[in-house]
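Protein chains in written order, with the working numbering: chain A, 1486 to 1699; chain B, 1486 to 1699. Below is one structure, written out as structure tokens; the observations come after it.
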DNA sequence: ACTTGCATGTTACTTGCGGTAACACGAGTG
DNA sequence: CACTCGTGTTACCGCAAGTAACATGCAAGT
């Protein structure tokens, strides 16, 4: 009985929290990452202090929001990586999944990429790269794990896999960011070009005539 | 005569500007990218409005500051890319140059990466990826140019080169960021691993036993 | 029934930063 | 001597993060 009641309270709190997150989501989607706490509270039909009671500070809210989207995106990516197909196809599917996601919701994507914020007052510590972009870090780690599980890389494989994981994710991210801004080609072409890069076409390409002497 | 006086005045203004930039540099180096205009002005021994007269707004100051460092780093990178050596060595030298730079001055590097800012008031437009990270964009474009000049990539080479330029830069950046935070290996090992990735070892590696059926 | 406790909600405030207006001094020029 | 122009100041506005103090509704304890 009291259990049900307790869970009832907790459920209510959780539901509130989800509603707040969804409101925040809408505002961020509309106004971008610099959305103010006031705006988010207004969207949720309440006032600021409640947000602070639920999430501590702006960073907390953003972290919670980021976690939702990050989890969702990572699920999609896992599905693509785990698809039953050969390696090249899986790589292309993964790239395409990521690019489709950022194409569909640029605002969300942009929000996920720079929880820069930095505590506005106090906070001198700084610690480069520590809290930078959780999404990129998580993607890198997950990809590293997949690589290490699936590929036979000989000695030092774990470290190599991690470097590659973060490197590939960074490649995907930077290329996607640039592509989203300039739209120089179709998504399929971009995917193909990146996969070609990963497949060693850079090393295999011939020099152009008039390459530097020596 | 008046010419000398004019140039004298301009020189004086330019010197002031450089002094202000150096002061800003020290503050950013010490406090990170969220350094306040007040702090910078204090470091320079003056007050805020002068900064605004010289740089317009915070974005202007940051842009000027970023340009200095970006130009310097790009010069180093160009030297590495243009070294008289075979392709693999040049690629490794370029990676190493970049990584050495971010290793030497993490604060500066971190500052260069997120001029996120976003106009604090007004400004709904948003335009994803437009003003994101000038340094990454510039590096990507420059590398694309080098690739397109040097390599024979067949039809569509220009677009391919640009994708690769931004992709490689992103790979370097993300791997460097992660490496700087965790220091899981030496710089040389990181360089070697990344070059291996670019050389197609991902595609060449064998499957591990117990890979998913189908 | 009355009080206690707790979550939820409010208004009103403080602090700090980006940015600006208005004023003040010093030097060269008719 | 008046004029203006560059350099500097103080004092202010607006806005957003974050907090304190107060109000209310609802379950439980006696």
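Idealized CB from N, CA, C, for every residue including glycine.
Test: residue i CB closer than 8 Å to a CB of chain A
i	result
residue 1554 (chain B)	no
residue 1692 (chain B)	yes
residue 1637 (chain B)	yes
residue 1678 (chain B)	yes
residue 1630 (chain B)	no
residue 1563 (chain B)	no
residue 1648 (chain B)	yes
residue 1620 (chain B)	no
residue 1687 (chain B)	yes
residue 1584 (chain B)	no
residue 1625 (chain B)	yes
residue 1653 (chain B)	yes
residue 1645 (chain B)	yes
Three-state secondary structure assigned by DSSP to residue i
i	result
residue 1544 (chain A)	helix
residue 1431 (chain A)	Examination of residue 1431 (chain A) is not possible in this model, given that chain A is present from 1486 through 1699 alone.
residue 1562 (chain A)	helix
residue 1638 (chain A)	coil
residue 1532 (chain B)	coil
residue 1644 (chain B)	helix
residue 1556 (chain B)	helix
residue 1519 (chain B)	coil
residue 1606 (chain B)	Any reading at residue 1606 (chain B) must be qualified, since the residue scores a pLDDT of 34, below 50, and its modelled position is unreliable; no value is offered.
residue 1503 (chain B)	helix
residue 1509 (chain B)	helix
residue 1570 (chain B)	coil
residue 1668 (chain A)	coil
Cβ shell of residue i (< 7 Å), same chain only, five flanking positions each side left out
i	result
residue 1530 (chain A)	none
residue 1662 (chain A)	none
residue 1658 (chain B)	1621
residue 1505 (chain A)	1529, 1536, 1539
residue 1524 (chain A)	1512, 1516
residue 1554 (chain A)	1593, 1597
residue 1646 (chain A)	1629, 1632, 1633, 1638
residue 1566 (chain B)	1575, 1579, 1631
Chain B within 8 Å of residue i, Cβ atoms only
i	result
residue 1656 (chain A)	yes
residue 1683 (chain A)	yes
residue 1613 (chain A)	Confidence is the limiting factor: at residue 1613 (chain A) the pLDDT is only 31, short of 50, which leaves the residue's position unreliable, though a coordinate-based value still follows. Closer than 8 Å to some Cβ of chain B, the Cβ of residue 1613 (chain A) qualifies, so yes.
residue 1659 (chain A)	yes
residue 1634 (chain A)	yes
residue 1489 (chain A)	Its pLDDT being 44, under 50, residue 1489 (chain A) is placed unreliably by the model, and the measurement read from it follows with that caveat. Answer no: the Cβ-Cβ gap between residue 1489 (chain A) and chain B never drops below 8 Å.
Contact set for residue i: own chain, Cβ-Cβ below 6 Å, skip 5 residues either direction
i	result
residue 1518 (chain A)	1596
residue 1584 (chain A)	1661, 1672
Residue interval of the alpha helix (DSSP H) (run including residue i)
i	result
residue 1526 (chain B)	1522-1529
residue 1592 (chain B)	1591-1598
residue 1680 (chain B)	1672-1683
Contacting residues, own chain, Cβ-Cβ under 8 Å from residue i (five flanking each side not counted)
i	result
residue 1649 (chain A)	1628, 1629, 1632
residue 1641 (chain A)	none
Identify each residue in the stretch 1533-1550 of chain A for which the Cβ-Cβ distance to at least one residue of chain B is less than 7 Å, and report them in chain order.
none
Would you list, in chain order, the members of the stretch 1663-1676 of chain B that have their beta-carbon closer than 9 Å to a beta-carbon of chain A?
1663, 1664, 1665, 1666, 1667, 1669, 1670, 1674, 1675
Name the residues in the stretch 1493-1513 of chain B whose C-beta lies less than 9 Å from a C-beta of chain A; which are they?
none
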